[in-house]
Amino acid sequence: MKIVSLNTGGKIKGIYILFIQVKRDIGVEVGSLGKLKFNKGNYAYVGSAQNGIEKRVARHLKRKKKKFWHIDYLLAQGGVKIEKIAYKEAPKEEECRTAQTLLKFGEPIIGFGCSDCSCKSHLFKIKGEG
Numbered sequence: 692m693k694i695v696s697l698n699t700g701g702k703i704k705g706i707y708i709l710f711i712q713v714k715r716d717i718g719v720e721v722g723s724l725g726k727l728k729f730n731k732g733n734y735a736y737v738g739s740a741q742n743g744i745e746k747r748v749a750r751h752l753k754r755k756k757k758k759f760w761h762i763d764y765l766l767a768q769g770g771v772k773i774e775k776i777a778y779k780e781a782p783k784e785e786e787c788r789t790a791q792t793l794l795k796f797g798e799p800i801i802g803f804g805c806s807d808c809s810c811k812s813h814l815f816k817i818k819g820e821g
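For any residue, its number in our numbering is found by taking its place in the sequence shown, counting from 1, and adding 691.
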């Protein structure tokens, strides 16, 4: 994985991980998932951007935007901040393989970010953090 530079000069297709800090316990209405509690701590979210990682990451970094994905609801909250971003050139299938790997390091937020696959989650609270 590499840290994203928003000036790579091309349209990189692949997957990315957002490393997110939630600075205090919060409750968030997350679209069809309803109200979810996010405890203070560090989280990792895996996503896919097959039409360009730069564009997707730039969208995630914007505070004000139309909420479309589950992650949009979390990132719109005060006290929630993207700390790091990593990416890998890879096909979409790698997104779910990465989510399965993250299960070893974090507690899944059930149903989050995985409405288009059979994964438990694409957002994980990192164990031992916060």
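Every residue gets a Cβ at the ideal spot worked out from N, C-alpha and C, and that includes glycine.
- With DSSP run on the structure shown, which of helix, strand or coil describes I694? Indexing the sequence shown from 1 puts residue 694 at position 3. The predicted model places I694 with a pLDDT of 48, which falls under 50 and marks its position as unreliable; any figure quoted below should be read in that light. Correct three-state label for I694: strand.
- Query: Where does the unbroken alpha helix (DSSP H) through Q791 begin, and where does it stop?
  - Reply: Translated into the one-based positions of the sequence shown, residue 791 becomes position 100. Bounds of the alpha helix (DSSP H) holding Q791 are E784 to L793.
- Query: Given a threshold of 16 other Cβ atoms within 10 Å of its Cβ, counted over all protein chains shown, does K693 qualify as buried or as exposed?
  - Reply: As a first step, residue 693 is located in the sequence shown; it is residue number 2 there, counting from the start. Any reading at K693 must be qualified, since the residue scores a pLDDT of 43, below 50, and its modelled position is unreliable; the value itself is stated next. Taking a 10 Å sphere around the C-beta of K693, we find fewer than 16 other C-beta atoms and assign the residue as exposed.
- Query: Tell me the DSSP bridge mates of N742?
  - Reply: On the sequence shown, position 51 is the one that residue 742 refers to. Assignment of beta-bridge partners to N742 by DSSP yields no partner.
- Item | C-alpha gap between G722 and I706, whole angstroms | Here residue 722 refers to the residue found at position 31 when the sequence shown is read from its first residue. Here residue 706 refers to the residue found at position 15 when the sequence shown is read from its first residue. If I take the Cα positions, the gap works out to 23 angstroms.
- Classify K816 as buried or exposed, calling it buried when 16 or more other Cβ atoms lie within 10 Å of its own Cβ. In the sequence shown, counting from the first residue as 1, residue 816 sits at position 125. When all chains shown are included, K816 counts as buried.
- DSSP-derived helix/strand/coil call for G804: Here residue 804 refers to the residue found at position 113 of the sequence shown. Residue state for G804 is assigned as coil, using DSSP reduced to three classes.
- Query: Any idea if I801 is buried or exposed, counting beta-carbon neighbours within 10 angstroms, 16 or more meaning buried?
  - Reply: Counting from 1 along the sequence shown, the entry for residue 801 is found at position 110. Note on I801: under 16 other CB atoms within 10 angstroms of its CB, so exposed under the neighbour-count rule.
- Query: Near G797, what residues of its chain come up, given a Cβ to Cβ distance below 8 angstroms and the 5 sequence neighbours on each side ignored?
  - Reply: As a first step, residue 797 must be located in the sequence shown, where it is residue number 106. Within the same chain, G797 has close Cβ partners Y734, A735, F815, K816, I817 and K818.
- Item | Classification of G769 by the beta-carbon crowding that lies within 10 angstroms, buried from 16 upward | If you number the sequence shown from 1, residue 769 lands on position 78. Classification of G769: exposed, given that the 10 Å Cβ count is below 16.
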